[in-house]
Amino acid sequence: MALILGIESSCDETAAALVASDRRVLAHRLAGQEEAHRPFGGVVPEIAARAHVEILPRLIGEVLADSGVGLAEVDAIAATAGPGLIGGVMVGLVAAKGLALASGRPLVAVNHLEGHALSPMLSDPELGFPYLLLLVSGGHCQLLFVEGVGRYRRLATTIDDAAGEAFDKSAKLLGLGFPGGPAIERAAQAGDPAGVPLPRPLVGSEDPHFSFAGLKSAVLRARDEGRYRPEDIAASFQQAVVDCLVDRTARALDKAEGATALVAAGGVAANGAIRAALGTLAGSRGLPFVAPPLWLCTDNAAMIAWAGAMRFEAGLVDSLDAPARARWPLDPSADKVRGAGVKA
Ligand code: KG4
Ligand code: ZN
Numbered sequence: 004m005a006l007i008l009g010i011e012s013s014c015d016e017t018a019a020a021l022v023a024s025d026r027r028v029l030a031h032r033l034a035g036q037e038e039a040h041r042p043f044g045g046v047v048p049e050i051a052a053r054a055h056v057e058i059l060p061r062l063i064g065e066v067l068a069d070s071g072v073g074l075a076e077v078d079a080i081a082a083t084a085g086p087g088l089i090g091g092v093m094v095g096l097v098a099a100k101g102l103a104l105a106s107g108r109p110l111v112a113v114n115h116l117e118g119h120a121l122s123p124m125l126s127d128p129e130l131g132f133p134y135l136l137l138l139v140s141g142g143h144c145q146l147l148f149v150e151g152v153g154r155y156r157r158l159a160t161t162i163d164d165a166a167g168e169a170f171d172k173s174a175k176l177l178g179l180g181f182p183g184g185p186a187i188e189r190a191a192q193a194g195d196p197a198g199v200p201l202p203r204p205l206v207g208s209e210d211p212h213f214s215f216a217g218l219k220s221a222v223l224r225a226r227d228e229g230r231y232r233p234e235d236i237a238a239s240f241q242q243a244v245v246d247c248l249v250d251r252t253a254r255a256l257d258k259a260e261g262a263t264a265l266v267a268a269g270g271v272a273a274n275g276a277i278r279a280a281l282g283t284l285a286g287s288r289g290l291p292f293v294a295p296p297l298w299l300c301t302d303n304a305a306m307i308a309w310a311g312a313m314r315f316e317a318g319l320v321d322s323l324d325a326p327a328r329a330r331w332p333l334d335p336s337a338d339k340v341r342g343a344g345v346k347a
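Just add 3 to the spot in the sequence shown (first one is 1) and you have our numbering.
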């Protein structure tokens, strides 16, 4: 049994956690920065990086104090090394390197996406490889065939915006606030999911790729028409995203031979309507549907510590030269997709 200290700082959550390789989360702490970014309607990288510097040392201290574990008893220090906002990633990674140096324990440089990808295994001991993963967050929207630790085959990605980005931008257009995902989900509860005609980009196309930019533009047009209630636009938008995710995931399941489960992770997987629809899809294919509890879907350090634990146990540790990376694809061999605004 190994004890791993994990650090997350790639976006606007500062987080630390202590996780054991037998799936016990001994302590976890998270400090959001929503208040600092709210006036700007989105995350400001420089503000985020400075906030991580201020908050992280306290969180690490609290996690160790809470769990009653000394640094000398920790087996490895894991930190997100990318992808993400580079200033923030550097803050967390440098902190981890300092702790690794001070304790003489190895560093595990974790890909944030691998944290999300393996997080369902922390909450569900039954889940085994291989599984089809829908990774839906603020920066990413991908379907990955997860074969093992460090073995990810990307079946599809977005050709423009990520799903969470579409939630955030649409919420901003509707004046629902930031972060947009939870705001849209709340507003949608009082709205009609069939009230506003919106497109389902790429639905029915052969490759299971995603596209959300056109949907966001359609939300803008619907708003400007002035005859729809924001709740109805929110509910119709959420329904359109559900339909796109389900159609594309169904297409990927056709290609994911041998998958033992359908798994969803990332911040958008916290959405109740999306979870319910994916559960129905999995059931129709005779597969279990696995999604981590909500706190483990959105950014946190327990998933980084857990990915660190799985990598540590597989002998995958890093030197103190490990770089912070703004971009870091999980499957570097995946083909580039052509689209309006393709992101790495
Ligand atoms: O994984 P995450 O916490 O950070 C990234 O790595 O991007 O995901 C954040 C994204 C944001 O776009 C946020 O609006 C979205 O997840 N999100 C949601 C919900 N909760 C968070 N989207 C839809 N419904 C939700 N309940
Ligand atoms: Zn994330």
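Ideal placement from N, C-alpha and C gives every residue a C-beta, glycine not left out.
Check this for me: beta carbons of residue i and residue j, under 8 Å apart or not?
| i | j | result |
| --- | --- | --- |
| L265 | L146 | no |
| F132 | A166 | no |
| P128 | R27 | no |
| M306 | S122 | yes |
| L284 | A253 | yes |
| V94 | A52 | yes |
| A237 | A190 | yes |
| S140 | T83 | no |
| D116 | L138 | According to the sequence provided, residue 116 is Leu. The question's Asp does not apply to it. A contact, by the Cβ cut-off of 8 Å. |
| S173 | I162 | no |
| A272 | Q241 | no |
| A308 | L110 | no |
In three-state DSSP terms, what is residue i?
| i | result |
| --- | --- |
| F315 | helix |
| D78 | coil |
| C144 | strand |
| G101 | helix |
| I236 | helix |
| L88 | coil |
| L6 | strand |
| L62 | helix |
| E11 | strand |
| A294 | coil |
| L121 | helix |
| S28 | Ser is not the amino acid found at residue 28; the sequence shown has Val there. Of the three classes helix, strand and coil, the one that applies to V28 here is strand, per DSSP. |
| E170 | As written in the sequence, residue 170 is Phe, which differs from the Glu given in the question. It is helical. |
| V345 | Any reading at V345 needs caution, since the residue's pLDDT is 46, under 50, leaving its predicted position unreliable; the model's value is listed next. Of the three classes helix, strand and coil, the one that applies to V345 here is coil, per DSSP. |
| A165 | coil |
| F213 | strand |
Counting C-beta neighbours from all protein chains within 10 Å, is the total for residue i 16 or more, i.e. buried, or is it exposed?
| i | result |
| --- | --- |
| A268 | buried |
| K219 | buried |
| E234 | buried |
| L281 | buried |
| D324 | exposed |
| F43 | exposed |
| A304 | buried |
| V345 | Caution applies to V345, whose pLDDT of 46 falls short of 50 and renders its modelled position unreliable; the value that the coordinates give is listed next. When all chains shown are included, V345 counts as exposed. |
| A75 | exposed |
| W298 | exposed |
| P86 | buried |
| Q192 | exposed |
| L333 | buried |
Using 8 Å for Cβ pairs, my map puts residue i next to residue j. What's the rounded Cβ distance?
| i | j | result |
| --- | --- | --- |
| R32 | A19 | 5 Å |
Can you tell me which residues form a DSSP beta bridge with residue i?
| i | result |
| --- | --- |
| Y134 | V149 |
| L223 | Looking at the DSSP assignment, L223 forms no beta bridge with any residue, so it has no partner. |
| L110 | I80 and D321 |
| T17 | A34 |
| R157 | L147 |
| L265 | L135 and F292 |
For ligand 3, is there any heavy atom lying closer than 7 Å to the beta carbon of residue i?
| i | result |
| --- | --- |
| S140 | No copy of ligand 3 occurs in the structure displayed; its ligands are ligand 1 and ligand 2 alone. |
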